[in-house]
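*Asks:*
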Amino acid sequence: MNYIQQAMEIARGTNCVGDTTFFQAIEEVLTSIKPFIKKNPEYIEHNIIERIISPNREIRFKIEWLDDKNRIHVNNGYRIQFNNALGPYKGGVRFHPSVNPDILKFLAFEQIFKNAITGLHIGGAKGGADFDPKGKSDQEIMKFCQAFMTAFYNSIGEDIDILGGDIGVGEREVGYLFGQYKMLTNSYDSIITSKPIALGGSEGRISATGYGLVYFTQTLLEDMGETLKGKICTISGSGNVAIHAIEKLYDIGAIPVTCSDSKGTIHDPNGIDLALLKQIKLEQRASLELYAEEKKTAAYVKREDYQGGSYVWDIPCFAAFPCATQNELGEESAKKLIDNDVKIIAEGANMPTTTQGIELFMKHQILFAPAKAANAGGVAVSVLEMSQNSAFNYWSPEEIDQKLQEIMSKIYKDIKKICDEYNLDMDLAAGANILGFKRVAKAMVAQGV
Ligand code: NDP
187 MNYIQQAMEI ARGTNCVGDT TFFQAIEEVL TSIKPFIKKN PEYIEHNIIE RIISPNREIR
247 FKIEWLDDKN RIHVNNGYRI QFNNALGPYK GGVRFHPSVN PDILKFLAFE QIFKNAITGL
307 HIGGAKGGAD FDPKGKSDQE IMKFCQAFMT AFYNSIGEDI DILGGDIGVG EREVGYLFGQ
367 YKMLTNSYDS IITSKPIALG GSEGRISATG YGLVYFTQTL LEDMGETLKG KICTISGSGN
427 VAIHAIEKLY DIGAIPVTCS DSKGTIHDPN GIDLALLKQI KLEQRASLEL YAEEKKTAAY
487 VKREDYQGGS YVWDIPCFAA FPCATQNELG EESAKKLIDN DVKIIAEGAN MPTTTQGIEL
547 FMKHQILFAP AKAANAGGVA VSVLEMSQNS AFNYWSPEEI DQKLQEIMSK IYKDIKKICD
607 EYNLDMDLAA GANILGFKRV AKAMVAQGV
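All residue numbers for the sequence shown refer to our numbering, where the first residue is 187 and numbers rise by one.
1) Near Leu407, what residues of its chain come up, given a Cβ to Cβ distance below 7 Å and the 5 sequence neighbours on each side ignored?
2) Less than 7 Å separating the Cβ of Ile421 from some heavy atom of ligand 1?
3) What are the boundary residues of the beta strand (DSSP E) that includes Arg198?
4) Decide if the stretch 333-349 is in contact with the stretch 363-378; the criterion is three or more beta carbon pairs, one per stretch, under 8 Å apart.
5) Alpha carbon to alpha carbon, how far is Gln267 from Arg246? Give it in angstroms, no decimals.
6) Please confirm whether any heavy atom of ligand 1 lies closer than 7 Å to the CB of Gly495.
7) If Gly638 sits next to Glu433, beta carbons under 8 Å apart, how far is it from one beta carbon to the other, in whole angstroms?
8) Is the stretch 281-289 touching the stretch 536-548 in the sense that three or more CB pairs, one from each, lie closer than 8 Å?
9) Could you name the residues that DSSP lists as bridge partners for Trp581?
10) Pull up the DSSP beta-bridge partners for Ser422, would you.
11) In the DSSP assignment, what residue or residues form a beta bridge with His667?
12) Once you ignore the five residues that flank Trp251 on each side, which residues in its own chain have a CB closer than 7 Å to its CB?
13) Comparing C-alpha positions only, which one of Lys599, Asp587, Gly425 sits nearest to Gly390?
14) Taking the continuous alpha helix (DSSP H) assigned at Cys331, which residues delimit it?
15) Which runs of the beta strand (DSSP E) fall wholly inside the stretch 403-467 and span at least 3 residues, in chain order?
16) Which residues share a DSSP beta bridge with Phe247?
17) Let me check you understand the geometry: is the CB of Ala428 closer than 7 Å to at least one non-hydrogen atom of ligand 1?
18) Distance check for Phe402 and Ser595, CA to CA, integer angstroms please.
19) For Ala472, count the other beta carbons within 10 Å of its own beta carbon; 16 or more makes it buried, fewer makes it exposed. Which is it?
20) In this structure, does DSSP put Val631 in helix, strand or coil?
21) Compute every distance between the C-beta of Cys202 and the non-hydrogen atoms of ligand 1, then say whether any falls below 7 Å.
22) With hydrogens ignored, establish whether the beta-carbon of Asp352 is closer than 7 Å to any heavy atom of ligand 1.
23) Any chance the CB of Ser284 is under 7 Å from a heavy atom of ligand 1?
24) Counting C-beta neighbours from all protein chains within 10 Å, is the total for Ile383 16 or more, i.e. buried, or is it exposed?
25) Does the beta carbon of Asp318 come closer than 8 Å to any beta carbon on chain C?
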């Protein structure tokens, strides 16, 4: 048995028992770094793989909070401080009923490599709670955020572990989390990013992941002599990443025609009405069903009425952008996209495509922009926010946007260089994994055991 297979067996037998999503992420990374390990056997000597697939620290805590009727609730909170070889732990916080240690370990593991790919000095982490923000009042959200922070504030710090947003955690939640940290520690340390502008947030952070996704895709396509301009694009999700991806797609002249939420999918062949979408999802925090009621040109397909994944992927398109959640684009959906002659898949969500889906895209030579690279704009601008906060500095939206474009373009070029070096053709997923692994492994070796 070779070294990588042996590490995978260790992962399956110890680190990942019952953790199928975490194992999926490990398997994907380890499979693609084989040529790198073959060329650099010194990393076997340092046992880097067994060390890199095991989190440094897993924190689990109880969150007790009071609802508006003074009833007491209990939720589970977690923080996975996975690897800090390159810098302080950095990664978002997710509030969703599906949150569990498996999902968070997968997200934290992915975050290590994504953060490394940006070229910035940050480690990888992820956290969250199995709390459902849906249907809660503002006051309840605030109380929950305060209880969450109270339960584990002494495990983080601006040089130790910096939080951020993710599913269910936007500006409002970040503001409350930050406020509670300040209250408990009497400090204004930048322990969380994606803050509201009024609290020192970056002008471009909210839009950075979605905008960065489109910049990355456009850079890749231009390198292939193609463009998104004038092309039909399908997007899943209707949260932070999806909305800003749609916004940027319009900016560059593309035609985004779908969006979705946990209840269903909208297909608006004339192009998604962005103002209406923002009003429904950001202001009213309501279901997309309302969109179809307002807009007669649009079709609405309920998730419960649709078998076989998401209806988004039935719609013919040039480019598909999965921006909702993990494993939302499986084999059946991939087949439909290929049959409909899709040219590129660009991942906005973390690991939205299943292993079988990716294999199909590779087999049919469909361009594939992996999440670790394509959605790294969010964390990159988070680091700009941290740097502004520590320097008491301010960068305008234009300055941030310029930096974001440069970062996304550099990420693409760095990955392409690795692809060329290892004869990977356009397997950007493998290139991204090798690039991220190489940077983290080097730092681990330099620090000794
Ligand atoms: P939001 O909470 O803003 O939006 C999530 C969207 O996905 C909502 O439309 C939600 O529907 C839908 N959704 C969530 N879970 C499911 C599910 N199980 N099935 C179907 N639909 C679902 O989150 P973000 O936009 O911030 O995050 C989306 C993805 O992007 C995640 O994978 C996240 O990890 C990743 N990401 C986010 C970054 C960021 O900067 N925010 C950075 C990098 C990656 P509904 O409205 O009904 O809840």
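Quick reminder that beta carbons are idealized off the backbone N, C-alpha and C, glycines included. This one's a predicted model, so the numbers in the text were calculated from it and none came from an experiment.
*Replies:* Taking the coordinates as given:
1) The residue you call residue 407 lines up with position 221 of the sequence shown. The residues are Thr413, Leu414, Ile530.
2) As a first step, residue 421 must be located in the sequence shown, where it is residue number 235. No, the Cβ of Ile421 stays beyond 7 Å of every heavy atom of ligand 1.
3) For the purposes of this step, residue 198 is identified with residue 12 of the sequence shown, where counting begins at 1. Element bounds for Arg198: n/a, residue is neither H nor E.
4) yes
5) By one-based count along the sequence shown, residue 246 stands at place 60. By one-based count along the sequence shown, residue 267 stands at place 81. When rounded, the distance between both Cα atoms is 11 Å.
6) On the sequence shown, residue 495 is found 309 positions in, with the first residue counted as 1. Not under cutoff, so the answer is no.
7) The displayed coordinates of the chain run from 187 to 635. Any statement about residue 638 would go beyond what the structure contains.
8) no
9) Counting from one through the sequence shown, the residue named residue 581 turns up at place 395. Paired residue(s): none; Trp581 is not in a bridge.
10) In the sequence shown, counting from the first residue as 1, residue 422 sits at position 236. Per DSSP, Pro508.
11) In the structure as shown, the chain starts at 187 and stops at 635, and residue 667 therefore has no counterpart that could be examined.
12) In the sequence shown, the residue the question calls residue 251 occupies position 65. Excluding positions up to five away in sequence, the list reads His259, Lys329, Phe330, Ala333.
13) Along the sequence shown, read from residue 1 onward, the residue named residue 390 stands at position 204. The shortest Cα separation from Gly390 among Lys599, Asp587, Gly425 belongs to Asp587.
14) Taking the first residue of the sequence shown as position 1, residue 331 is located at position 145. Counting along the chain, the alpha helix (DSSP H) containing Cys331 begins and ends at 324-338.
15) 418-422, 444-446, 450-453
16) Within the sequence shown, numbered from 1, the residue matching residue 247 stands at position 61. Phe247 pairs with Gly263.
17) Within the sequence shown, the letter at position 242 stands for residue 428. At least one heavy atom of ligand 1 is nearer than 7 Å to the Cβ of Ala428, so yes.
18) On the sequence shown, position 409 is the one that residue 595 refers to. On the sequence shown, position 216 is the one that residue 402 refers to. Using only the alpha carbons, I get a separation of about 6 Å.
19) Residue 472 sits at position 286 when you count from the first residue of the sequence shown. By the 10 Å Cβ count, Ala472 comes out exposed.
20) Taking the first residue of the sequence shown as position 1, residue 631 is located at position 445. Val631: helix per DSSP, three-state reduction.
21) Here residue 202 is taken as the residue at index 16 of the sequence shown, counted from 1. Not under cutoff, so the answer is no.
22) Here residue 352 is taken as the residue at index 166 of the sequence shown, counted from 1. The answer is yes for Asp352.
23) Translated into positions along the sequence shown, residue 284 becomes position 98. Yes - ligand 1 has a heavy atom lying nearer than 7 Å to the Cβ of Ser284.
24) Within the sequence shown, residue 383 is the residue found at index 197, counting from 1. By the 10 Å Cβ count, Ile383 comes out exposed.
25) No chain C is part of this structure, which consists of one protein chain only.
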